[in-house]
Structure formats: C-alpha cells, structure tokens
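Undergrad: One structure, pasted below without further comment.
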Amino acid sequence: MSARSPRSPGALPPPDEIEDSAAPLIEHLAELRSRLIKSLLAFIVGMVISFTVWNPIFNFLTDPLCGALAARGQSCDLILIKLQEGFFVAVRISFLGGFVLAFPVIATQLWRFVAPGLYRSERGAFLPFLIASPVMFFLGAAFAFYVVTPLAFDFFLLFQQPGLLMDDATGEASALAQVGVTFQGSVNEYLSLTTRFIVAFGLCFQLPVLLTLMGKAGLVSARGLADVRKYAVVAILALAAVVTPPDVITQIILFTAVYGLYEVSIFLVRRVEKKRNAALRAEGLLDEDEADA
C-alpha cells in the first residue's frame, strides 16, 4: 500500500476533503435558517395577536399614570399630537407584545440549535442560564412597572400648578393669580417613557445572569469583581443617569437595584468557583494552596 504523499502548505486540499468539510457547514446553515424562520413566524403571530388587543394592553400600561392623576383628582387623559400617532402606538405595542409572546419559542429554537454542539455537562450548565434570563428580565420589568414608574410619575406631576384664582364678587383675578400648568401628555411620549423604564430595568436585571455565566466560563472571578467594586459604583451611577429621566428618585432606585444585583453576582460567582475547585480537588487536579490563591 502506497503512502499518501504530504501536501505542501500552499496546496489546495483534494475535492473530497472540501466536500466533507463543506457539508457540515451547509447543514448548520440550513438548520440556522430553519430556526430563524420558526422564530420569525412565532414573532409575527405574536404581533398579530397583540395588535388585536392593543387597547387593553395600552390601558394596562397607563395604570401607573392614571393612579397618580387620580390621587390628584385629575382625569386620566392623553392626547394624539399627530393624526397617525394612534396607529404607530398600536404597532409599537404589537411589537412589544409579539416579542413577549414569541420569546418561549425563540428561546427553544436557540436551545435546540446550540444544544447538539455541547457536551452533557455543558448542557446542564447552559440551560439554567437560558431559563434564568427571561425570569430576571420579567422581574426587572415588573419592578419598573409596579415600583419605579408610579414614583417617577408622582415626581413629574409635582410640577403642575393651578391656574388663575378669580374673585367671585368682582370677577377679577386675585393677587394669587398665576399661569395654570396642567399635564396633557402625548400617547406616544408616554408609551416611549414607560417602555424605556421597563426595558432598562429588565436589561439591568440580567447582570447576575451575565456575570455568573462569565464566572462559570472563567472570564471573571469573585475577587476580581470585588476589587473593581468602586469602579462598578461609578459605572452604575453613569448608567442610572443615562437610562432614566432627570429624576433623582428614579436614579437612586435604579442605582440601588443594580448595585444590589452586582453584590449578588459576586456571591454567585464565588459559589461557582467553590464548586469548580471542589470538583478539581476531587479529581486531584488542584491542591489546597492553589484553591485559596
């Protein structure tokens, strides 16, 4: 049997090797295309469903504002500044609702695409994070909707003031006469502000999931996160100033929540490191001095 002659570095591989290497890539691309199509179809179906019930969804989203106005004896009214504004509000709500309804399908398709390329231990490590991510997002969104937005709207409505005070006897304005400042909010602006709160807090609540996953991959350590704690405080303050309106109360709430999540992340990463070190010690690959380093 003749030996195969070595191929020079610049030579092209034989056609059969090219076909063998290209086939798995084509299969992966075909599977990715199939997963994306299924996810897109689920998103479109969710959008259609949300568009048919956009009014109840919008009424639900206005509860914090209506509660703040009712406490001041005001009616809960929003206005349409542009003729087409109502339609685009319905479309925006359908986009948001479509993503929420389709997220389980999207996450499932992502998992089915990634899982075959993982070892059994890696699947067991990745799946909890895939489940925890939407849970933490909804916790952050609920915290923003039920806690942060009512406080923010109460603060914003403090800048209203009553109008002219008339003297019933003379029919003239009294000495306390002043310009009336009353809230007449735009539907689109209100929805934009509310969704900004919800998305910002939902994303910020992903911090423990992200840092714990990075800790499991060995990209960060509990000691490293603790050492940069003062820089994290500055970064969180900057984040709170960017993603929230110029409202000190809201910024303090966001900072407190995110910093608390940062401390929780350090605790979770430390637990991951302890479990990993215990497994390495059991296999004889790590001694006590290296574990404590």
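Each residue of the sequence shown is one higher than the last, beginning at 0 in our numbering. Yeah, the Cβ is synthetic: ideal placement off N, Cα and C, and Gly gets one too. The structure displayed is predicted, hence computed values, not measured ones.
1) Taking DSSP's pairing of strands, which residues face S185 in a bridge?
2) For L138, which option in C203, L60, E26 and A41 has the closest C-alpha, if you only look at C-alpha atoms?
3) Taking the alpha-carbon of S93 as reference, which of Q205, L253, L190 and A240 has the nearest alpha-carbon?
4) Could you check whether Q250 and A239 sit closer than 7 Å to each other, using their CB atoms as the reference points?
5) DSSP three-state label for Q160, please.
6) Going by DSSP, which residues form a beta bridge with V301?
7) With DSSP collapsed to three states, give me the class of G201.
8) With distance defined between alpha-carbon atoms, name the residue in Y261, G66, L31 and I130 nearest to P115.
9) Pick out whichever of V186, V219, L40 and S132 has its Cα sitting closest to the Cα of R91.
10) What whole-angstrom Cβ distance do A140 and F200 have, given they're in contact under 8 Å?
11) Compare the C-alpha of G66 against each of L156, V263 and I56 and name the closest.
12) Considering only residues of the same chain and omitting the five flanking positions on each side of F87, which have a CB-CB separation below 8 Å?
13) Using the rule of at least 16 other Cβ atoms within 10 Å of the residue's Cβ for burial, across every protein chain shown, is P127 buried or exposed?
14) How many angstroms separate the CA atom of L109 from the CA atom of M46?
15) Cα separation between N58 and A281?
16) Once the 5 residues before and after F42 are set aside, which same chain residues still bring their CB inside 7 Å of it?
TA: On the basis of the coordinates in this document:
1) I78
2) C203
3) L190
4) yes
5) strand
6) In the structure as shown, the chain begins at 0 and stops at 292. Residue 301 is therefore absent and cannot be evaluated.
7) helix
8) L31
9) V186
10) 6 Å
11) L156
12) N187
13) The Cβ neighbour count for P127, taken over all protein chains shown within 10 Å, is under 16; the residue is labelled exposed.
14) 20 Å
15) 57 Å
16) G97, F98 and A101
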